[in-house]
Amino acid sequence: MDAHIYAEIAAVLLVLLYVMAIASAVEAILKTRTSQGAIAWVISLITMPIISVPLYLIFGRNKFDGYLEKRNAIEADSLRLIKRTRGSVQPHIASLATQTSLYTSLLNLAPMPATTGNQAELLIDGQETYDSILKGMAGAEKYILFQVYIIRDDDLGRRVGRMMADKARAGVTVYLLYDELGSRAFPRTRLYRQLLMTGVQVAPFNTTQGRRNRLQLNFRNHRKIIAVDGKQVWIGGHNVGNEYLGLKKRIGHWRDTHIRFQGPAVAGAELAFATDWLWATNTNVDIDWSFKGPSGGNSQILVYPSDPASEYEEAGLMFHQIIVAARRRIWIASPYFVPDHAIMSALQLAALRGVDVRVIIPDEPDGPIVAMANWSYTRELLPLGIKVYRYKGGFMHQKVLLMDDELAGVGTANFDNRSFRLNFEITVLVEDAEFATQVDQMLQADMLRCHEVSLKDIADKPAWFPLAMGTARLLAPVL
Numbered sequence: 188m189d190a191h192i193y194a195e196i197a198a199v200l201l202v203l204l205y206v207m208a209i210a211s212a213v214e215a216i217l218k219t220r221t222s223q224g225a226i227a228w229v230i231s232l233i234t235m236p237i238i239s240v241p242l243y244l245i246f247g248r249n250k251f252d253g254y255l256e257k258r259n260a261i262e263a264d265s266l267r268l269i270k271r272t273r274g275s276v277q278p279h280i281a282s283l284a285t286q287t288s289l290y291t292s293l294l295n296l297a298p299m300p301a302t303t304g305n306q307a308e309l310l311i312d313g314q315e316t317y318d319s320i321l322k323g324m325a326g327a328e329k330y331i332l333f334q335v336y337i338i339r340d341d342d343l344g345r346r347v348g349r350m351m352a353d354k355a356r357a358g359v360t361v362y363l364l365y366d367e368l369g370s371r372a373f374p375r376t377r378l379y380r381q382l383l384m385t386g387v388q389v390a391p392f393n394t395t396q397g398r399r400n401r402l403q404l405n406f407r408n409h410r411k412i413i414a415v416d417g418k419q420v421w422i423g424g425h426n427v428g429n430e431y432l433g434l435k436k437r438i439g440h441w442r443d444t445h446i447r448f449q450g451p452a453v454a455g456a457e458l459a460f461a462t463d464w465l466w467a468t469n470t471n472v473d474i475d476w477s478f479k480g481p482s483g484g485n486s487q488i489l490v491y492p493s494d495p496a497s498e499y500e501e502a503g504l505m506f507h508q509i510i511v512a513a514r515r516r517i518w519i520a521s522p523y524f525v526p527d528h529a530i531m532s533a534l535q536l537a538a539l540r541g542v543d544v545r546v547i548i549p550d551e552p553d554g555p556i557v558a559m560a561n562w563s564y565t566r567e568l569l570p571l572g573i574k575v576y577r578y579k580g581g582f583m584h585q586k587v588l589l590m591d592d593e594l595a596g597v598g599t600a601n602f603d604n605r606s607f608r609l610n611f612e613i614t615v616l617v618e619d620a621e622f623a624t625q626v627d628q629m630l631q632a633d634m635l636r637c638h639e640v641s642l643k644d645i646a647d648k649p650a651w652f653p654l655a656m657g658t659a660r661l662l663a664p665v666l
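The opening residue of the sequence shown carries number 188 in our numbering; numbering runs sequentially from there.
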């Protein structure tokens, strides 16, 4: 009797599993952004539902529910505030006459317009970056917005934490927003408790909040934004941890880049933070949206946030448009180089029309699968004369691009599917010949610490290497 009951229960569960598999397959057909991904999910869901249904519930969706509505609400509210406030950014919006076709297309996706009258400073590596950030935080009088993907309770984390605590005790409003997956150990640390006790407002991004997002572990808020008093902002690749200062012997030198800027573009970065804080806490940040006047700089800046809640793949479209717009060169530095087919085609076409295309990646990427995928894409680029450099001076983590002699980008977005489609990212696009020259010099110095890859390097690999590259390539959509 018991065996019969168990058999009936098992049969019911099996039917329910197949119903879920079919429903998930239908959703995959309707909503998966690529045909390859839809086919892969449908086949696996129907043939292996016991394994594939749980995986689909966790990793299957690439649209982030609920965020877009909050983003629209806060953007509308903050833009009204900006327009009402005396000295707003309105007089500094770049005119149509000064906007390139590149900006014209991206402006339709960015929540804030490109602005003139900004001052941009390139910050190379961790020591220079955190010297600048801590100095800026020390001068805060009203508020500090601090958003990071990873924060650790180590020497650097405690230095930053002491500054936050000191400013909070002095009456400055301090907000700390972190990604709960990237910083999953942080809530259990002494630093976390100390920050709360001193009045710092601390919150995880809460990726999994909302009925539809409970099992969604596939999204990350990868942004790193620090803003002080509406006057200056820092954005780039550095998180908060000793390794970002090159203090981890196992990793060695950590090569990374940040940007600090002042001027009306600050409002765009603060708007991105405010939106994320609203999602995370259901409360608004108390921000001074007024702009007190130009910084005296010559940089035209577009702050370009991207997220998986939007209708379009904003980060991927940004990279694609910049590559298409390049006429003389496109240089890209990224720790993860796993582009999709459209980006690869754009790079190949750029090389065919005579553009100087160069890619800088780490010689020892983060994981063997990423490493093999990098080699696979490299093999396709080299025959067209595209130069690929593998950085040997430590681990290269910067996310930097340089187009022609005027446009440079520094931000948090990697050159991979996760940043294109699944992560919350932010990139600062600077149109300024002087700043572009600084980025040019920085990247040329990086290339001196690289090995330029040749087709012979790939041909000399072991016999198993092509199979490993092909296998890693199959996993590229989830890397």
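Here a beta-carbon is modelled for each residue, glycine too, at the ideal position from N, C-alpha and C.
The beta-bridge partner set that DSSP reports for residue 590 consists of 517 and 594. The continuous stretches of alpha helix (DSSP H) do not include residue 360, which lies in the beta strand (DSSP E) extending over residues 360-365. Beta bridge pairing from DSSP links residue 547 with 520 and 576. Residues 232, 240, 243 and 247 of the same chain have their beta carbon placed closer than 7 angstroms to that of residue 211, with the five preceding and five following residues left out of the count.
Boundaries of the alpha helix (DSSP H) harbouring residue 462: 453-468, taken from the DSSP string. In this structure, the straight-line span from the alpha carbon of residue 588 to that of residue 308 is close to 15 angstroms. In this structure, 594 is the residue among 594, 367, 654 and 570 with its C-alpha nearest to the C-alpha of residue 516. The alpha-carbon of residue 459 is positioned some 15 angstroms away from that of residue 469.
Distances from the alpha-carbon of residue 540 to those of 514, 385 and 361 put 514 closest. Taking every protein chain shown into account, the CB of residue 322 has fewer than 16 other CB atoms within 10 angstroms, so this residue is exposed. One Cα belongs to residue 363, the other to residue 310, and the distance between them is close to 22 angstroms. Within the stretch 370-432, the runs of alpha helix (DSSP H) at least 4 residues long that lie entirely inside it are, in chain order, 377-384. Contact holds between the stretch 492-511 and the stretch 605-622, because three or more Cβ pairs, one in each stretch, are under 8 angstroms apart. Beyond the five residues adjoining it in sequence on each side, residue 636 comes within less than 7 angstroms, by CB distance, of 578, 579 and 580 in the same chain, given in chain order. Remark: C-beta atoms of residue 453 and residue 464 do not approach each other more closely than 7 angstroms. DSSP, read as helix, strand or coil, puts residue 612 in strand.
For residue 305, the uninterrupted beta strand (DSSP E) segment begins and ends at 302-311. Its chain contains 296 and 493 as the residues whose beta carbon lies nearer than 6 angstroms to that of residue 501, once the 5 sequence neighbours on both sides are disregarded; these appear in chain order. Burial check for residue 259: the Cβ neighbour count within 10 Å stays below 16, so the residue is exposed.
In the three-state reduction of the DSSP assignment, residue 331 falls in the strand class. For residue 492, the three-state secondary structure derived from DSSP is strand. The shortest CA-to-CA distance from residue 625 to any of 332, 444 and 599 is the one to 444.
Here residue 583 is not near residue 555, since their CB atoms are 7 angstroms or more apart. Cβ-Cβ distances below 6 angstroms link residue 565 to 575 and 640 in the same chain, with the five nearest sequence neighbours on each side left out; the list follows chain order. Cα atoms of residue 213 and residue 229: separation of roughly 8 angstroms, rounded to the nearest angstrom. Under DSSP, the beta-bridge partners assigned to residue 602 are 524.
For residue 654 and residue 552, the gap between their C-alpha atoms comes out near 19 angstroms.
In this model, residue 327 and residue 353 are separated by some 11 angstroms (Cα to Cα). Residues of the same chain with a CB within less than 8 angstroms of the CB of residue 438, apart from the 5 flanking positions on each side, are 430, 581 and 582 in chain order. For residue 442, the secondary structure class from DSSP, reduced to helix, strand or coil, is strand.
With a threshold of 16 other beta carbon atoms within 10 Å, residue 651 falls short and is exposed.
Contact check for residue 335 against residue 355 fails: the beta carbons are separated by 7 angstroms or more.
Shortest Cα-Cα distance from residue 237 to any of 209, 217, 257 and 225 involves 209. For residue 324, same chain residues with a beta-carbon under 7 angstroms away, outside a window of 5 residues either side, are 331, 350, 354 and 415 in chain order. The distance from the Cβ of residue 560 to that of residue 407 is about 19 angstroms, inconsistent with a contact at the 8 angstroms cut-off. For residue 621, the enclosing alpha helix (DSSP H) has its first and last residue at 620-634.
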